[in-house]
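Participant:
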Amino acid sequence: MKTNLNTIHIFKTNILQVDPACPLREALNNHEDIKQWSIDCEDIDCVLRVVSETMKPNEIIALINQFGYECQELL
11 MKTNLNTIHI
21 FKTNILQVDP
31 ACPLREALNN
41 HEDIKQWSID
51 CEDIDCVLRV
61 VSETMKPNEI
71 IALINQFGYE
81 CQELL
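Straight run, no breaks: the sequence shown in our numbering ends on number 85.
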């Protein structure tokens, strides 16, 4: 299945690691509108990539902020 590039949202965060039992991981894994996600903790910007056809960047930012992390869209 080919991913539409318009559905890939990229953010700069302060998420240094995501433990297997972390509430943020559970929220991202179980969110019905998120098809796929990843965090590059090796990158200086701790880049979060979210694949969602329906979520807007501000909704993803609000979700991340709920867990006490900073998040801003990279354009």
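Each residue gets a CB set at the ideal place from its N, CA and C atoms; glycine is no exception.
With distances taken from CA atoms, which of 54, 35 and 70 is nearest residue 43?
Facilitator: Cα-wise, what sits closest to residue 43 is 70.
Participant: Threshold first: 4 residues or longer. Then list the alpha helix (DSSP H) segments lying entirely within the region 32–79, N to C.
Facilitator: Complete alpha helix (DSSP H) runs here, min 4: 33–40 and 67–76.
Participant: Could you spell out the range, first to last residue, of the beta strand (DSSP E) harbouring residue 82?
Facilitator: Segment 81–83, the beta strand (DSSP E) holding residue 82.
Participant: Is it true that the CB of residue 20 sits closer than 8 angstroms to the CB of residue 59?
Facilitator: A contact, by the Cβ cut-off of 8 angstroms.
Participant: Less than 8 angstroms between the C-beta atoms of residue 17 and residue 57, yes or no?
Facilitator: For residue 17 and residue 57, no; Cβs fall outside 8 angstroms.
Participant: Please classify residue 64 as buried or exposed, where buried requires at least 16 other C-beta atoms within 10 Å of its C-beta.
Facilitator: Per the 10 Å Cβ criterion, exposed.
Participant: Quick one: using the 10 Å Cβ neighbour count with 16 as the cut-off for buried, is residue 81 buried or exposed?
Facilitator: Buried.
Participant: Out of 73, 51 and 76, point me to the one whose CA is closest to residue 27's CA.
Facilitator: Of the listed residues, the one whose Cα sits closest to residue 27 is 51.
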